[in-house]
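J.: Submitted below is the structure of interest, expressed as structure tokens.
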Amino acid sequence: MRRQTLWIALTSVLVFGSTASYADFIDDSQVQLKFKNFYLDRQYDHDAKPDFGSWSQAATLDAKSGYEKIGPVEVGIDVLAKYAVRLSSDRGTADWVMPFEDGKQKRDNFKIGATLKAKVSKTELKVGELLPISPVLVYDPSRQLLTTYDGAWLESKELKNTKITLAYIDGINTRYGDQYQELTLFPYNNVDHATPKQQADGMYIAGVDYQATQDLGLSYWFADVKDIYQQNYAGVSYNTNLNEKMRLLSHVRYFDNRKSGDALYGDIENQALSIGAKVKTGSHSFGLGWQQMFGPNGGVTGLMPTLGGWVPQPYLVNWSIAGFIRKEEKSWQVSYGYDFKDVGLKGLTADLSYIRGFDVNNGAGKDKGRESETTFVLNYTVPEGKLKGLGFQWMYMDSNYKNVNAASLVENRLATTYTYHF
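FYI, the numbering for the sequence shown is -23 to -1, 1 to 399, going by mature numbering (1 follows the signal peptide of the UniProt record, and there is no 0).
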């Protein structure tokens, strides 16, 4: 599936499409050029762990066509071309931002992907490069270039208030990679670190999202990373206005993870519970979260299973650098956010959160592990004028570990972003 079939399909659209409908294909297109300057610096407090980081500049061309009607089917093409160049010197350490091979960090990274999209009524199929947002698989925009996937993704909204999803994922192009690779289990973040016998032959996904009322949403998803793990997900969201000035955003989410097929990474039997609530009132927001891991096994890692390639799981309320997904770990979070618009600084926001994890099971006769993380994020987006949309972000993270297999660290990220719309 990975490349040849897609380009044949794209060529077919251009060759067999009619001139009359071709106008919609062009006129309804959206083209953006996105720029991102990104700096990352991570400092460990352990001499055995080398510090790492880099400074880079990227440009991404994001082109989405309109739809051309071929019989009963509307067809279009999306193209995503991404390029990043490292501006800093090579530290000789992988920082998971740029490709790293043979003890050296590459100077630049170029990726290009295309997606064929076809829809009938309220059902759409996308084949090629995918940027999913779902409880079982998400793309990653947290560093410089995006983590993307190769496969097929079908969404149908034919039923009222219901979205049905079916998908097959063939490979992953990690945020720090320059080509697609097979699916593995974290922390086997490169195929080079996993033998051919540890690589999944695809990932199968099915999901249903149902909006029961204006405030209440229900979800069920299933994923099978073949011969590694299966994941069942159930979620309930409740978002409502408490009064004219106050809004509640809340969720309860549950993951059940089991081994799949040949269990290439060992037995997996793990569950995760995520409960979160945030209240927004005026310029303020206040949040609380609880997260808990259950189950005797997390495969060879002992963690809740996630895909290799540093694939995030933001559907867990306490997901962060630490993740808080260790065996039997419990964790809580408190957060506060402020929007400075009411004091004359429109476009400026700040968010502060603290997460504390405890009761990590390190095995018989060993002390329980614990960890904590403080995160501060400052965002500013130019609200108007010629530079409208120019964005700046500073993210500061302080992670501390006790009796777990990790070194405490402090990380700073600085990002400047701008999108030009053609």
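Glycine included, each C-beta is placed from N, C-alpha and C at the ideal position.
Taking 9 Å as the cut-off, decide whether the C-beta atoms of Ser31 and Arg68 are in contact.
T.: Translated into the one-based positions of the sequence shown, residue 31 becomes position 54. Translated into the one-based positions of the sequence shown, residue 68 becomes position 91. Yes, the Cβ-Cβ distance between Ser31 and Arg68 is below 9 Å.
J.: How many whole angstroms separate the CB atoms of Gly279 and Lys304, which I take to be in contact at a CB cut-off of 8 Å?
T.: For the purposes of this step, residue 279 is taken as residue 302 along the sequence shown, with counting starting at 1. For the purposes of this step, residue 304 is taken as residue 327 along the sequence shown, with counting starting at 1. 5 Å between Cβ atoms; contact.
J.: With a threshold of 9 Å between beta carbons, is Val277 in contact with chain D?
T.: Protein chain content of the structure displayed is limited to a single chain, and chain D is not contained in it.
J.: Quick check: Thr151 and Ala177, are their CB atoms within less than 9 Å of each other?
T.: For the purposes of this step, residue 151 is taken as residue 174 along the sequence shown, with counting starting at 1. For the purposes of this step, residue 177 is taken as residue 200 along the sequence shown, with counting starting at 1. Contact flag unset, no.
J.: Using C-beta distances below 6 Å, list every residue in its chain close to Phe77, excluding the 5 sequence neighbours before and after it, in chain order.
T.: In the sequence shown, counting from the first residue as 1, residue 77 sits at position 100. Closer than 6 Å at the Cβ level, and outside the excluded window around Phe77, lie Ala71.
J.: Considering just the uninterrupted stretch of the beta strand (DSSP E) at Leu123, what are its terminal residues?
T.: Numbered from 1 along the sequence shown, position 146 holds the residue referred to as residue 123. No beta strand (DSSP E) holds Leu123; DSSP gives it neither H nor E.
J.: For Ile(-16) and Thr92, I'd like the C-alpha separation in whole angstroms.
T.: Here residue -16 is taken as the residue at index 8 of the sequence shown, counted from 1. Here residue 92 is taken as the residue at index 115 of the sequence shown, counted from 1. Below a pLDDT of 50, predicted positions are generally treated as unreliable, and Ile(-16), at 48, falls in that range; no measurement from the model is reported.
J.: Out of curiosity, what's the CA-to-CA distance linking Gly154 and Leu38?
T.: Reading the sequence shown from its first residue, position 177 is the one you call residue 154. Reading the sequence shown from its first residue, position 61 is the one you call residue 38. So the two alpha carbons sit approximately 18 Å from each other.
J.: Does DSSP put Ala384 in a helix, in a strand, or in coil?
T.: The count along the sequence shown starts at 1 and reaches residue 384 at position 407. Coil, per DSSP.
J.: Note down, in chain order, each residue of its chain lying with its Cβ closer than 6 Å to the Cβ of Glu51, except the 5 sequence neighbours on either side.
T.: Taking the first residue of the sequence shown as 1, we reach residue 51 at position 74. Result list for Glu51: Tyr44 and Lys96, in chain order.
J.: Please go through the stretch 336 to 384 and give each complete beta strand (DSSP E) segment of 3 or more residues, from N-terminal end onward.
T.: Whole beta strand (DSSP E) segments, 3+ residues: 346 to 358 and 368 to 379.
J.: Determine, using beta carbons only, whether residue 405 and His228 come nearer to each other than 9 Å.
T.: Nothing in the structure corresponds to residue 405, since the chain is present only between -23 and 399.
J.: Count Cβ pairs between the stretch 107 to 125 and the stretch 11 to 23 that sit closer than 8 Å; are there 3 or more?
T.: The answer is yes - the stretch 11 to 23 touches the stretch 107 to 125, with three or more Cβ pairs under 8 Å.
J.: Mind checking Gln191: buried by the 16 CB within 10 Å criterion, or exposed?
T.: The count along the sequence shown starts at 1 and reaches residue 191 at position 214. Its Cβ having fewer than 16 others within 10 Å, Gln191 is exposed.
J.: Within 10 Å of its beta-carbon, does Pro291 have 16 or more other beta-carbons around it, so buried, or fewer, so exposed?
T.: Within the sequence shown, the letter at position 314 stands for residue 291. So Pro291 counts as exposed.
J.: So, Met270 versus Lys307, is the Cβ gap smaller than 9 Å?
T.: The residue given as residue 270 occupies position 293 in the sequence shown. The residue given as residue 307 occupies position 330 in the sequence shown. Yes; because the gap between Cβ atoms is below 9 Å, this pair is in contact.
J.: Per DSSP, what are the beta-bridge partners of Asp316 in this structure?
T.: Walking along the sequence shown from the start, residue 316 turns up at place 339. Bridge partners of Asp316: Thr326.
J.: Can you list the beta strand (DSSP E) stretches of 3 or more residues lying completely in the stretch 241 to 323, in chain order?
T.: Correct list: 245 to 258, 261 to 275 and 307 to 316.
J.: Exposed or buried, what is Asp244 when buried is set at 16 or more other beta-carbons lying within 10 Å of its beta-carbon?
T.: Within the sequence shown, the letter at position 267 stands for residue 244. Asp244 should be labelled exposed.
J.: Under the assumption that Phe87 contacts Thr394 (Cβ atoms under 8 Å), give the Cβ distance between them as a whole number of angstroms.
T.: Along the sequence shown, one-based indexing puts residue 87 at 110. Along the sequence shown, one-based indexing puts residue 394 at 417. Contact doesn't hold; Cβ gap of about 19 Å is too wide.
J.: Going along the chain, which residues of its own chain have a beta-carbon closer than 7 Å to the beta-carbon of Ser33, five neighbours each way excluded?
T.: The residue you call residue 33 lines up with position 56 of the sequence shown. Answer for Ser33: Phe15, Ala61, Val62, Arg63, Leu64, Val74, Met75 and Gln121, listed in chain order.
J.: Using a Cβ-Cβ cutoff of less than 7 Å, which residues in the same chain neighbour Ser237 once the five nearest sequence positions on both sides are dropped?
T.: Along the sequence shown, read from residue 1 onward, the residue named residue 237 stands at position 260. The residues are Asp201, Val202, Lys203, Asp204, Ile205, Tyr206 and Gln207.
J.: Should the stretch 361 to 378 be regarded as contacting the stretch 335 to 352, the criterion being three or more beta carbon pairs within less than 8 Å?
T.: Touching, yes, given that three or more Cβ pairs across the two stretches are closer than 8 Å.
J.: Which ranges would you report for the alpha helix (DSSP H) in the stretch 41 to 118 if only whole runs of at least 4 residues count?
T.: Whole alpha helix (DSSP H) segments, 4+ residues: zero.
J.: For Gly366, which residues from the same chain have a beta carbon less than 7 Å from its beta carbon, with the 5 sequence-adjacent residues on both sides left out?
T.: Counted from its first residue, the sequence shown places residue 366 at position 389. Here the set comprises Thr358, Val359, Tyr395 and Thr396.
J.: Sort out for me which residues DSSP pairs His23 with in a bridge.
T.: Position 46 of the sequence shown holds residue 23. DSSP lists no partner for His23.
J.: Let me know if Val311 comes out buried or exposed under the rule of 16 or more other beta-carbons within 10 Å of its beta-carbon.
T.: As a first step, residue 311 is located in the sequence shown; it is residue number 334 there, counting from the start. Counting Cβ neighbours within 10 Å, Val311 comes out exposed, since fewer than 16 surround it.
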